[in-house]
Amino acid sequence: MAVTSLRKEVSEEDPELQEQEHVHLVYNEIASHFSQTRYKPWPIVEKFLQNRQDYSIGIDVGCGNGKYLGVNDKLFMIGTDRSDGLIGCGKEVSANKYNLGVADGLSLPHQDNRFDFAISIAVIHHFTTEERRVQAIQHILGKLRTGGELLVYCWALEQENSRRGYKEGDDQDILIPWVLQKKQPKKDKPRRRRRDKEIKEEEVKQEEVKEEEVKEEEKDIKYRYYHLYKKGELHENALRAGNCTIVEEGYEKDNWWIIIRKS
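Each residue of the sequence shown is one higher than the last, beginning at 1 in full-length UniProt numbering.
As structure tokens, this is what we get:
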């Protein structure tokens, strides 16, 4: 049976409860498995970090296992995530484990007007209302000094050329499945080269889980809420956040991204 995404009816009445059920709890349940598939920086994110001035300080909001904290060793970065499970994974593998902490994206503990830059990669699309998505951008901008820059990535609605196949006219508020395999008997530990190959294959499999075939008795499916951004929508959200200018924006591998400078 194919594992497919589901349409999600979004209620304006209790978005926090919906996010708790379909985002926070799910990421804690899948944290270990999810972390194993997130180890390689995305090119535009890496370029953004490499282009920061030496010894700048920044924040990664929704950092997951903290994979971006070590991209540029001339930066000082603090990573936060709402999932204590993912932060726990990061502290096990990251050289920057003391820079990781649990925090909500709408209630960051950092001082306002303090940081030179920020990134928020594949996070804001998990907020269930437009108002909360705009507030999330506003809140991060509030932590930046004047002239500081924020890079945001969100899943795109326009994915006609991917195996997911989402396109204009499809539902934008959906539940995306994550397939956990039931534990199998332990096998001999593979060599490192083979392990790296398996991790990469697993990342591709989970990103394309819409069409993944899994035997009924072997699957454990968890559904995560996503808002799929249509063309121009992230730009509009940034302008609504206010106190900023658009530096650059684009589309990369099924995601819309934008760089915003605080005014």
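Where is the CB? At the ideal position from N, CA and C, for every residue including glycine. Nothing here was measured: the structure is a model prediction, and the numbers come from that model.
- Task: Give the DSSP bridge partners of Asp60, in chain order.
- Result: Gly79 and Ile119
- Spatial distance of Glu16 from Tyr153 (CA atoms): Their Cα atoms are separated by approximately 21 Å.
- Message: Suppose the cutoff is 8 Å on Cβ atoms and the five residues either side in sequence are ignored; what does the same chain contact list for Glu249 look like?
- Response: Leu234, His235, Trp256, Trp257, Ile258 and Ile259
- Message: To the nearest angstrom, how far is the alpha carbon of Leu141 from that of Lys262?
- Response: 6 Å
- Pick from Pro109, Lys253, Gln53 and Asn237 that is closest to Lys143, judged by C-alpha positions: Looking at the Cα atoms, Pro109 is the closest of the given residues.
- Message: Taking a contact to mean a Cβ-Cβ separation below 8 Å, would you say Asn28 touches Ser94 in this structure?
- Response: no
- Item | Close-in-space but distant-in-sequence residues of the same chain around His24 (CB under 6 Å, 5 per side omitted) | Arg82
- Task: For Ser35, count neighbouring Cβ atoms within 10 angstroms of its own Cβ and tell me buried if that reaches 16, exposed if not.
- Result: Around the beta-carbon of Ser35, 16 or more other beta-carbon atoms lie within 10 Å, marking it buried.
- Let me know if Gly147 comes out buried or exposed under the rule of 16 or more other beta-carbons within 10 Å of its beta-carbon. exposed
- Do Thr80 and Val102 come within 8 Å of each other at the CB atom, strictly closer than that value? Closer than 8 Å, so yes.
- Item | Nearest-angstrom Cα separation, counted from Glu160 out to Gly58 | 34 Å
- Query: Within this structure, are the beta carbons of Leu86 and Asn65 separated by less than 8 Å?
  - Reply: In contact: Leu86 and Asn65 (Cβ atoms closer than 8 Å).
- Given Asp104, which residues of its chain have a CB within under 7 Å of its CB, disregarding the five upstream and five downstream residues? Excluding five sequence positions before and after Asp104, the CB atoms of its chain that fall closer than 7 Å to its own CB belong to Arg82, given in chain order.
- Message: In chain order, what are the residue ranges of uninterrupted beta strand (DSSP E) at least 3 long that sit wholly in the segment 130–177?
- Response: 144–155
- Message: Using only CA atoms, which one of Val179, Phe48 and Phe127 lies nearest to Leu75?
- Response: Phe48
- Task: Alpha carbon to alpha carbon, how far is Ile137 from Leu150? Give it in angstroms, no decimals.
- Result: Spanning the alpha carbons of Leu150 and Ile137 requires a straight line of approximately 9 Å.
- Message: At the level of alpha carbons, what is the spacing between Lys253 and Asp14?
- Response: 32 Å
- Query: For Asn65, which three-state DSSP category applies?
  - Reply: coil
- Reduced DSSP secondary structure (H/G/I, E/B, other) of Val179: Reduced to three states, the DSSP call for Val179 is strand.
- Can you name, in chain order, every residue of its own chain whose Cβ lies under 8 Å from the Cβ of Val26, other than the five neighbours on each side? Trp178, Lys222, Tyr223 and Arg224
- For Gly90 and Leu157, the rounded distance between their alpha carbons: 30 Å
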